[in-house]
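*Asks:* If you scroll down you'll find the structure; I have some questions about it.
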Amino acid sequence: MNTFAFIVHPITIEQLKNFWPLIRIVPDFIIKTSLKNLPPFKVSHIKSVRSIQGKEIQGYFIACPLLPKQMLDLEEGFVLEKIISAGHIAERLGAEIIGLGGYTSIVGDKGQAIANSLKIPVTSGNTYTAWSVFEAIYRMAKVKNIDLKKSHLAVIGATGSIGSLCVRKFSEYIPKITITARHRDKLERLKDTILNFNGVEVNIEEDAHTAVKNADIVITTTSAPEALLNIEELKSGALVCDVSVPKNIAGKVNPQRDISLIDGGLIKLPFATDFGVDTGLPKNTVYASVAETMLLTLEGRFMNYSLGDNINLDKMEEIADIAVRHGFEVWVPDAPLI
């Protein structure tokens with residue numbers, strides 16, 4: 040049976056306490072220190088993931104025990120070594136491809152260094168994640184009667200692989216796009232790419248709060264370990280897809296303002312699946328990064344797939360077609376597929 044592995048990590052200390060209730064009495068600073076010294080380990084064995092084509096695969100969740108802020112703040116070589124150690128566990132378990140979850144996919148030149156250190160291929164899952172954002176917004180726009188051809192899109196984290204794919208894809212549909220990220224030079228290059236590609240209006244805005252102020256549609260996809268925006272800053276009637284983990288947008292939606300907040304990047308599997316652990320997600324759903332790893336395993340395509348920032352746009356269509364073939368569906372409960 041074809042086998043995948045997916046490397047995960049805790050998002051919050053509270054999540055860790057839910058996983059290990061005994062550590063609730065331990066002070067947070069001791070937990071953080073302990074995580075640095077704790078080696079990677081197997082979390083669960085996913086004994087069966089089935090496709091509507093009749094194919095079946097198995098997989099493993101492997102933990103790299105570091106919090107998001109630790110992955111950003113600790114010395115990169117230390118973090119890389121820990122992720123690579125998790126990859127070696129995957130190799131010993133017989134995995135034929137590894138997916139990088141959360142912050143593990145942004146370390147070491149967006150996964151390239153990790154792939155170079157392992158004997159089996161690696162994917163970040165960012166291609167299918169970007170497609171899931173595109174499809175979710177496209178479907179919700181129809182439900183809300185939002186005309187994409189007359190809309191203004193703001194993308195926070197536009198120069199990352201997911202953000203860049205979303206900007207390039209939506210430039211085929213939306214006439215005005217505002218992009219923001221930490222590095223001005225990367226924003227300028229992305230703007231030039233879009234202007235050469237589609238000739239739409241592209242504005243660079245270095246302040247995220249200003250960028251979203253008048254946007255009809257907002258995508259947030261950054262590696263910030265805390266919220267960057269409050270839902271109250273968004274335009275009434277806005278359509279928002281927050282694909283970041285942890286989330287970039289804080290606050291509760293006021294029904295009177297008609298803001299639609301999509302929990303981005305979730306995929307519904309075609310059959311009931313036992314993950315061997317509580318993922319904290321709706322039943323039979325996984326993050327698109329996990330789903331991409333599963334899909335490549337179902338296809339027997341054991342190759343480096345989504346790595347680096349400059350992912351080919353054609354790959355979005357390809358992974359979407361593969362997903363349909365195997366019965367995987369972008370999960371948008373307020374805009375069901377007909």
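Heads up: the sequence shown begins at 40 in the numbering used here, then just goes up one per residue.
Glycine included, each C-beta is placed from N, C-alpha and C at the ideal position.
Note that the coordinates shown come from a computational prediction; the quantities given were computed from them, not determined experimentally.
State the start and end residues of the unbroken alpha helix (DSSP H) segment that holds G276.
*Replies:* Position 237 of the sequence shown, counted from the first residue, corresponds to residue 276. Unbroken run through G276: none, as it is neither H nor E.
*Asks:* Please classify W59: is it buried, with 16 or more other beta-carbons within 10 angstroms of its beta-carbon, or exposed?
*Replies:* Stepping through the sequence shown from its first residue, residue 59 is reached at position 20. Burial state of W59 is exposed, judged by a 10 Å Cβ sphere holding fewer than 16 other Cβ atoms.
*Asks:* With burial defined as no fewer than 16 other Cβ atoms inside 10 Å of the residue's Cβ, what is the status of M179: buried or exposed?
*Replies:* As a first step, residue 179 must be located in the sequence shown, where it is residue number 140. So M179 ends up on the buried side.
*Asks:* Out of A374, V371, E338 and P372, which has the shortest C-alpha to C-alpha gap to E357?
*Replies:* Here residue 357 corresponds to residue number 318 of the sequence shown, with the count starting at 1. Taking only the C-alpha atoms, the option nearest E357 is E338.
*Asks:* So, using beta-carbon positions, are I350 and L204 closer together than 8 Å?
*Replies:* Position 311 of the sequence shown holds residue 350. Position 165 of the sequence shown holds residue 204. Cβ distance < 8 Å, so I350 and L204 count as in contact.
*Asks:* Can you tell me which of G116, V172, L187 and T166 puts its alpha carbon nearest to the alpha carbon of A152?
*Replies:* Residue numbering aside, residue 152 sits at position 113 when the sequence shown is read from its first letter. Taking only the C-alpha atoms, the option nearest A152 is G116.
*Asks:* Under 8 Å, do L192 and I213 count as touching if we go by C-beta distance?
*Replies:* The residue labelled residue 192 in the question sits at position 153 within the sequence shown. The residue labelled residue 213 in the question sits at position 174 within the sequence shown. Yes; because the gap between Cβ atoms is below 8 Å, this pair is in contact.
*Asks:* Rounded to whole angstroms, what is the Cα-Cα separation between L305 and A327?
*Replies:* As a working mapping, residue 305 is identified with position 266 in the sequence shown. As a working mapping, residue 327 is identified with position 288 in the sequence shown. Distance between the alpha carbons of L305 and A327 is about 6 Å.
*Asks:* Taking the straight line between their C-alpha atoms, what separation do you get for S83 and T318?
*Replies:* As a working mapping, residue 83 is identified with position 44 in the sequence shown. As a working mapping, residue 318 is identified with position 279 in the sequence shown. Approximately 11 Å, taken between the alpha carbons.
*Asks:* Going residue by residue through the stretch 230-301, where are the continuous beta strand (DSSP E) segments of at least 3 residues, counting only ones entirely within it?
*Replies:* 240-243, 256-259 and 278-281
*Asks:* Are E245 and K215 closer than 8 Å when you measure CB to CB?
*Replies:* Position 206 of the sequence shown, counting from 1, holds the residue named residue 245. Position 176 of the sequence shown, counting from 1, holds the residue named residue 215. Their beta carbons are not under 8 Å apart, which means E245 does not touch K215 by this criterion.
*Asks:* Check each candidate in L352, T219, G147 and L334 and name the one with the smallest Cα separation from A362.
*Replies:* Your numbering for residue 362 matches position 323 in the sequence shown. With distances taken between Cα atoms, A362 lies closest to L334.
*Asks:* What is the C-beta distance between A134 and I159, in whole angstroms, given that I count them as a contact (C-beta under 8 Å)?
*Replies:* Looking up residue 134 in the sequence shown gives position 95. Looking up residue 159 in the sequence shown gives position 120. With 8 Å as the limit, A134 and I159 qualify as a contact, their Cβ atoms being about 6 Å apart.
*Asks:* What whole-angstrom Cβ distance do N343 and T162 have, given they're in contact under 8 Å?
*Replies:* By one-based count along the sequence shown, residue 343 stands at place 304. By one-based count along the sequence shown, residue 162 stands at place 123. Going by Cβ atoms, the distance from N343 to T162 rounds to 7 Å, so yes, they are a contact pair.
*Asks:* Would P3 pass as a contact of G141 if the rule is Cβ separation under 8 Å?
*Replies:* Only positions 40 to 377 of the chain appear in the structure, and residue 3 is not among them; the question remains open.
*Asks:* What are the boundary residues of the beta strand (DSSP E) that T219 is part of?
*Replies:* Numbered from 1 along the sequence shown, position 180 holds the residue referred to as residue 219. Here the beta strand (DSSP E) through T219 covers K215 to T219.
*Asks:* Can you give me the C-alpha to C-alpha distance between V257 and S200, rounded to a whole angstrom?
*Replies:* Reading the sequence shown from its first residue, position 218 is the one you call residue 257. Reading the sequence shown from its first residue, position 161 is the one you call residue 200. Rounded to whole angstroms, V257 to S200 spans 17 Å at the Cα level.
*Asks:* Please state whether DSSP places G154 in a helix, a strand or coil.
*Replies:* If you number the sequence shown from 1, residue 154 lands on position 115. According to the sequence displayed, residue 154 carries Ala and not Gly. A154: helix per DSSP, three-state reduction.
*Asks:* Counting only runs of 4+ residues fully inside the stretch 178-229, write out the alpha helix (DSSP H) ranges in chain order.
*Replies:* 200-209
*Asks:* Where does A311 land, buried or exposed, given buried means 16+ other C-beta within 10 angstroms?
*Replies:* Indexing the sequence shown from 1 puts residue 311 at position 272. So A311 ends up on the exposed side.
*Asks:* Taking the Cβ atom as the reference point for each residue, do E95 and M40 lie within a distance shorter than 8 Å?
*Replies:* Along the sequence shown, read from residue 1 onward, the residue named residue 95 stands at position 56. Along the sequence shown, read from residue 1 onward, the residue named residue 40 stands at position 1. Contact flag set, yes.
*Asks:* How would you call K188, buried or exposed, if buried means at least 16 neighbouring beta carbons within 10 angstroms?
*Replies:* What you label residue 188 is simply residue 149 of the sequence shown in a count that begins at 1. Exposed, because fewer than 16 other Cβ atoms sit within 10 Å of the Cβ of K188.
*Asks:* Skipping 5 residues on each side, what residues in its chain have a beta carbon closer than 8 Å to that of A154?
*Replies:* Looking up residue 154 in the sequence shown gives position 115. Same-chain partners within the cutoff: P160, V161, N343 and L346.
*Asks:* Would you say A374 and K181 are within 8 Å of each other, going by their C-beta atoms?
*Replies:* Reading the sequence shown from its first residue, position 335 is the one you call residue 374. Reading the sequence shown from its first residue, position 142 is the one you call residue 181. Yes, the Cβ-Cβ distance between A374 and K181 is below 8 Å.
*Asks:* If you count every other CB in all the chains shown that lies within 10 Å of the CB of S171, and 16 or more means buried, which is it?
*Replies:* The residue you call residue 171 lines up with position 132 of the sequence shown. When all chains shown are included, S171 counts as buried.
*Asks:* Please report the straight-line C-alpha distance between I101 and G138, rounded to a whole angstrom.
*Replies:* Residue 101 sits at position 62 when you count from the first residue of the sequence shown. Residue 138 sits at position 99 when you count from the first residue of the sequence shown. Spanning the two alpha carbons is a distance of roughly 10 Å.
*Asks:* Assign S345 to one of three DSSP states: helix, strand, or coil.
*Replies:* For the purposes of this step, residue 345 is taken as the residue at position 306 of the sequence shown. The answer is coil: DSSP assigns S345 none of H, G, I, E or B.
*Asks:* Around the Cβ of S210, are there at least 16 other Cβ atoms within 10 angstroms (buried) or fewer (exposed)?
*Replies:* Here residue 210 refers to the residue found at position 171 of the sequence shown. Within 10 angstroms of the beta-carbon of S210 lie 16 or more other beta-carbons, which makes it buried.
*Asks:* Assuming T249 and G202 form a contact by the criterion Cβ under 8 Å, report the distance between their Cβ atoms to the nearest whole angstrom.
*Replies:* The count along the sequence shown starts at 1 and reaches residue 249 at position 210. The count along the sequence shown starts at 1 and reaches residue 202 at position 163. So it is not a contact: roughly 17 Å between Cβ atoms.
*Asks:* Identify, in the order they occur along the chain, each residue of the same chain with its Cβ nearer than 6 Å to the Cβ of R89, setting aside the five sequence neighbours on each side.
*Replies:* One-based indexing of the sequence shown puts residue 89 at position 50. E95 and F310, listed in sequence order.
*Asks:* Taking L119 as the reference, give the member of I46, S262, L132 and D313 with the closest Cα.
*Replies:* Mapped onto the sequence shown, residue 119 falls at position 80. When C-alpha distances from L119 are compared across I46, S262, L132 and D313, the shortest belongs to I46.
*Asks:* Exposed or buried, which one is L376 when buried takes at least 16 other CB atoms within 10 Å?
*Replies:* In the sequence shown, counting from the first residue as 1, residue 376 sits at position 337. Classified as exposed, L376 has fewer than 16 neighbouring CB atoms from the shown chains inside 10 Å of its CB.
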